[in-house]
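Engineer: Before I ask anything, let me first share the structure, which is written out below as structure tokens.
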């Protein structure tokens, strides 16, 4: 009777993994919930507010005192997409439910618009008497008197209800509107109204920052910053915005990439599973913010984007110095001063955040938008320069830049990074590096590919990715060739030396010797010197085992001599197997 059996070490490891997988699946079936319930997503509108409960309650408590004549000024600051408008909409709905009147004025981004535009919208909405704000003034009328007329129009409203005035996008307002805001804010404590001013701190120029700072110092003024959403709020917002259910890994990725920005969460959730990495809404929002930077600063940020979200100024300067650009070469000694000026502009705009010597993009999506602006050739050149600039830095970082730069030594350095991570028991990182090395390896090099696949399988298995390890074992075994035919015997099937099976079961049958002789490379049979690093150490040499079995036979007596002879016979077979394997 003939039995076909594949004796490659990958199959031995795969059988063990399969048994482990069956146990895991069996346990999962036992604890499976009986019902998944109704989890259909609720349609989401950008005007809805998710989270911000503490900030909303804080502003609502100040709004409650408006009816009694105690006015208030609230400055709400946040980056693009932070939910300032949704926050104001939620407060407006609550104010109307409480009996307050509301009015809204907004500024136009990208163009100056008419002077006092937001205030003219508000005065028209509340049907205030004429103030002359939109009319030419003669020489006898000062701006202070014109501003006083606006305050009196707000004070002399026909109804005694409280009033909520919302001024949106004040970072784009004309300075005249901001000066009027400052004038009204100085009188707001004695008026039955609340001023809610919304703006982006990083996009307001120095003049606007100065005026808004003065507004925040007025009596009864309060400042709120809308930061990143909490993890639970990100999950709720993404679930409501997505077209279908999202798994835990996708939700976690959305939270990491969005940085808790509500607009980014919504855009990423809507495009989850479509393959588009940067939604148009995110590119447009970040692009408008970057358009306000000087050209030199934006060029420097594009070069910094190849370093990832975090980098240090020294590494960036070294990368820039390695460029072959004529403009940089002409700067010469003035290059450091130019770099400092460009970085200061980025820090002032809030695009970069300083954390000691480390500089960090405010959002990972900001870095991705800048990185997407690079052409393929420019991107490859910058990565090659970055690898030289990092030098003796972390080997993982050097390997990444070499891979992206298409350098010849990328494979060697990536394998060193994988071995370093494996030696530090960072199996997940090692598996990532091994996968990157496999992508760099030529498809024709089956021997090296099989060895790397077994190394990857060991790391995946130790990292808990049993299914991935199983697939790697199968792929490695497929590269080893067809199964081996051997005569059936009473002995239990054995695997080749160097496989991750118990030591007493390795290299102990004639089939292993035939497999090693027909194998083209040592990595196909697991011969000593080519076995994966996670496998057991090689067995003792044949002479040592013969001496050991001879001594055992003398101790056991003549009645038990037959078993040592059988062991010695198998030992010689294993020895021939190993000698037959190519070195």
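Numbering (UniProt numbering), first residue to last: 1 to 583.
C-beta: ideal position from N, C-alpha, C; glycine also.
With DSSP as the reference, please indicate the residues paired to residue 73 in a beta bridge.
Structural biologist: Here residue 73 refers to the residue found at position 73 of the chain shown. According to DSSP, which records beta bridges pairwise, residue 73 is partnered with 195 and 221.
Engineer: Assuming contact is defined by CB atoms lying nearer than 7 Å, are residue 216 and residue 350 in contact in what I supplied?
Structural biologist: In the chain shown, residue 216 corresponds to position 216, counting from 1. In the chain shown, residue 350 corresponds to position 350, counting from 1. Result no, Cβ atoms of residue 216 and residue 350 do not sit closer than 7 Å.
Engineer: Would residue 337 and residue 389 qualify as a contact pair, given that the criterion is a beta-carbon distance under 7 Å?
Structural biologist: To locate residue 337, count along the chain shown from 1; it is residue 337. To locate residue 389, count along the chain shown from 1; it is residue 389. No; because the gap between Cβ atoms is not below 7 Å, this pair is not in contact.
Engineer: Roughly how many angstroms lie between the CA atoms of residue 421 and residue 321, to the nearest whole one?
Structural biologist: Mapped onto the chain shown, residue 421 falls at position 421. Mapped onto the chain shown, residue 321 falls at position 321. Rounded to whole angstroms, residue 421 to residue 321 spans 31 Å at the Cα level.
Engineer: Name the residue from 63, 64, 79 and 66 whose alpha carbon lies nearest to the alpha carbon of residue 289.
Structural biologist: The residue labelled residue 289 in the question sits at position 289 within the chain shown. The residue with the shortest Cα to Cα distance from residue 289 is 79.
Engineer: Use the C-beta contact count for residue 175: other C-beta atoms within 10 angstroms, 16 or more gives buried, fewer gives exposed.
Structural biologist: For the purposes of this step, residue 175 is taken as residue 175 along the chain shown, with counting starting at 1. Classification of residue 175: exposed, given that the 10 Å Cβ count is below 16.
Engineer: Cutting at 7 Å between CB atoms, please list the residues of its own chain near residue 299, excluding the five before and the five after it.
Structural biologist: Against the chain shown, residue 299 aligns to sequence position 299. Cβ within range, chain order: n/a, list empty.
Engineer: For residue 37, name the three-state secondary structure that DSSP assigns.
Structural biologist: Here residue 37 refers to the residue found at position 37 when the chain shown is read from its first residue. Note that residue 37 scores a pLDDT of 34, beneath 50, so its modelled location is shaky; the value from the coordinates is reported in the next line. In the structure shown, residue 37 sits in coil (DSSP, three-state: anything other than H, G, I, E or B).
Engineer: Can you check whether the CB of residue 83 is closer than 7 Å to the CB of residue 262?
Structural biologist: By one-based count along the chain shown, residue 262 stands at place 262. By one-based count along the chain shown, residue 83 stands at place 83. Yes.
Engineer: May I ask which residues mark the beginning and end of the beta strand (DSSP E) holding residue 360?
Structural biologist: Your numbering for residue 360 matches position 360 in the chain shown. Run containing residue 360: 358 to 361, per the beta strand (DSSP E) assignment.
Engineer: In terms of alpha-carbon separation, which member of 458, 394, 453 and 153 lies closest to residue 425?
Structural biologist: Taking the chain shown and counting its residues from 1, one reaches residue 425 at position 425. That would be 458, whose Cα lies nearest to the Cα of residue 425.
Engineer: Could you tell me which residues DSSP pairs with residue 104 in its beta bridges?
Structural biologist: Translated into positions along the chain shown, residue 104 becomes position 104. Answer is 166, bridged to residue 104.
Engineer: Distance, Cα to Cα, residue 295 vs residue 408?
Structural biologist: Taking the first residue of the chain shown as position 1, residue 295 is located at position 295. Taking the first residue of the chain shown as position 1, residue 408 is located at position 408. Cα to Cα, the separation comes out at about 34 Å.
Engineer: Enumerate in chain order the residues of its own chain whose CB-to-CB distance from residue 190 is below 7 Å, with the five nearest sequence positions on each side excluded.
Structural biologist: Residue mapping note: residue 190 aligns to position 190 of the chain shown, counting from 1. Within the same chain, residue 190 has close Cβ partners 71.
Engineer: If we ignore side chains and look at the alpha-carbon of each, how far apart do residue 280 and residue 172 end up?
Structural biologist: For this step, residue 280 is matched to residue 280 along the chain shown. For this step, residue 172 is matched to residue 172 along the chain shown. If I take the Cα positions, the gap works out to 22 Å.
Engineer: Where in the stretch 245 to 270 do unbroken runs of the alpha helix (DSSP H), each at least 4 residues long, occur, reported from the N-terminal end onward?
Structural biologist: Whole alpha helix (DSSP H) segments, 4+ residues: 248 to 258 and 262 to 270.
Engineer: Take the Cβ of residue 258 as the centre, count every other Cβ of all protein chains shown within 10 Å, and call the residue buried at 16 or more, exposed below.
Structural biologist: What you label residue 258 is simply residue 258 of the chain shown in a count that begins at 1. That one is buried.
Engineer: Which residue spans inside the stretch 359 to 408 form an unbroken alpha helix (DSSP H) run of at least 4?
Structural biologist: Segments of the alpha helix (DSSP H) lying fully in the stretch 359 to 408: 364 to 372, 376 to 390 and 395 to 405.
Engineer: Compute the distance between the beta-carbons of residue 250 and residue 164, then report whether it is under 7 Å.
Structural biologist: Numbered from its first residue, the chain shown carries residue 250 at position 250. Numbered from its first residue, the chain shown carries residue 164 at position 164. In this structure, residue 164 does not lie closer than 7 Å to residue 250 by Cβ.
Engineer: Report the rounded CA-to-CA distance for residue 653 versus residue 116, giving the unit in angstroms.
Structural biologist: Because the chain here runs from 1 to 583, residue 653 falls outside it and cannot be looked at.
Engineer: Do residue 418 and residue 433 have their beta-carbon atoms positioned less than 7 Å apart in this structure?
Structural biologist: Taking the chain shown and counting its residues from 1, the one referred to as residue 433 is at position 433. Taking the chain shown and counting its residues from 1, the one referred to as residue 418 is at position 418. Contact flag set, yes.
Engineer: Who are the Cβ neighbours of residue 308 in its own chain at under 8 Å, not counting the five residues just before and after it?
Structural biologist: For the purposes of this step, residue 308 is identified with residue 308 of the chain shown, where counting begins at 1. Closer than 8 Å at Cβ, skipping near neighbours: 367.
Engineer: With a cut-off of 8 Å on the beta carbons, I'd call residue 241 and residue 269 a contact; round off their distance for me.
Structural biologist: As a working mapping, residue 241 is identified with position 241 in the chain shown. As a working mapping, residue 269 is identified with position 269 in the chain shown. So it is a contact: roughly 4 Å between Cβ atoms.
Engineer: Within the same chain, show all residues whose beta-carbon is closer than 7 Å to that of residue 460, passing over the 5 residues directly before and after it, in chain order.
Structural biologist: One-based indexing of the chain shown puts residue 460 at position 460. Answer for residue 460: 431, 468, 469 and 472, listed in chain order.
Engineer: Could you give the first and the last residue of the continuous beta strand (DSSP E) run that contains residue 352?
Structural biologist: For the purposes of this step, residue 352 is taken as the residue at position 352 of the chain shown. Residues 352 to 355.
Engineer: Would you please state the rounded distance, in angstroms, between the beta carbons of residue 169 and residue 198? I believe it to be under 8 Å.
Structural biologist: Stepping through the chain shown from its first residue, residue 169 is reached at position 169. Stepping through the chain shown from its first residue, residue 198 is reached at position 198. Rounded, the Cβ-Cβ distance is 7 Å, consistent with contact.
Engineer: List the residues that DSSP assigns as beta-bridge partners of residue 310.
Structural biologist: Start at 1 with the first residue of the chain shown, and residue 310 comes out as number 310. Residue 310 is bridged to 360.
Engineer: Here's the rule I'm using: 16 or more other beta-carbon atoms within 10 Å means buried, otherwise exposed. How should residue 428 be labelled?
Structural biologist: Here residue 428 corresponds to residue number 428 of the chain shown, with the count starting at 1. Flag for residue 428 reads exposed.
Engineer: Check residue 573 in the structure and name its three-state DSSP category.
Structural biologist: Along the chain shown, read from residue 1 onward, the residue named residue 573 stands at position 573. In this prediction, residue 573 has a pLDDT of 44, which is less than 50 and means its spatial position is unreliable; what the coordinates show is noted afterwards. Note: residue 573 maps to helix in three-state DSSP.
Engineer: Can you list, in chain order, the residues of its chain whose CB lies under 8 Å from that of residue 371, leaving out five sequence neighbours each side?
Structural biologist: Numbered from its first residue, the chain shown carries residue 371 at position 371. Only 302, 305, 306 and 379 meet the Cβ criterion.
Engineer: Pop quiz: residue 441 and residue 449 are said to be a contact at Cβ under 8 Å. What is the actual Cβ separation, rounded to whole angstroms?
Structural biologist: The count along the chain shown starts at 1 and reaches residue 441 at position 441. The count along the chain shown starts at 1 and reaches residue 449 at position 449. Going by Cβ atoms, the distance from residue 441 to residue 449 rounds to 6 Å, so yes, they are a contact pair.
Engineer: Measuring straight from C-alpha to C-alpha, what distance separates residue 182 and residue 354?
Structural biologist: Locating residue 182 in the chain shown gives position 182, where the first residue counts as 1. Locating residue 354 in the chain shown gives position 354, where the first residue counts as 1. Approximately 31 Å, taken between the alpha carbons.
Engineer: Return the CA-CA distance between residue 253 and residue 244, expressed in angstroms with no decimal places.
Structural biologist: For the purposes of this step, residue 253 is identified with residue 253 of the chain shown, where counting begins at 1. For the purposes of this step, residue 244 is identified with residue 244 of the chain shown, where counting begins at 1. Their backbone Cα atoms lie some 16 Å apart in a straight line.
Engineer: Would residue 52 be called buried (16 or more neighbouring beta carbons within 10 Å of its own) or exposed?
Structural biologist: Numbered from its first residue, the chain shown carries residue 52 at position 52. So residue 52 counts as buried.
Engineer: Which one of 463, 369, 454 and 76 has the shortest CA to CA distance from residue 477?
Structural biologist: Taking the first residue of the chain shown as position 1, residue 477 is located at position 477. The shortest C-alpha separation from residue 477 is found at 454.
Engineer: Is it buried or exposed, residue 398, if we count other Cβ atoms within 10 angstroms and call 16 or more buried?
Structural biologist: In the chain shown, the residue the question calls residue 398 occupies position 398. When all chains shown are included, residue 398 counts as buried.
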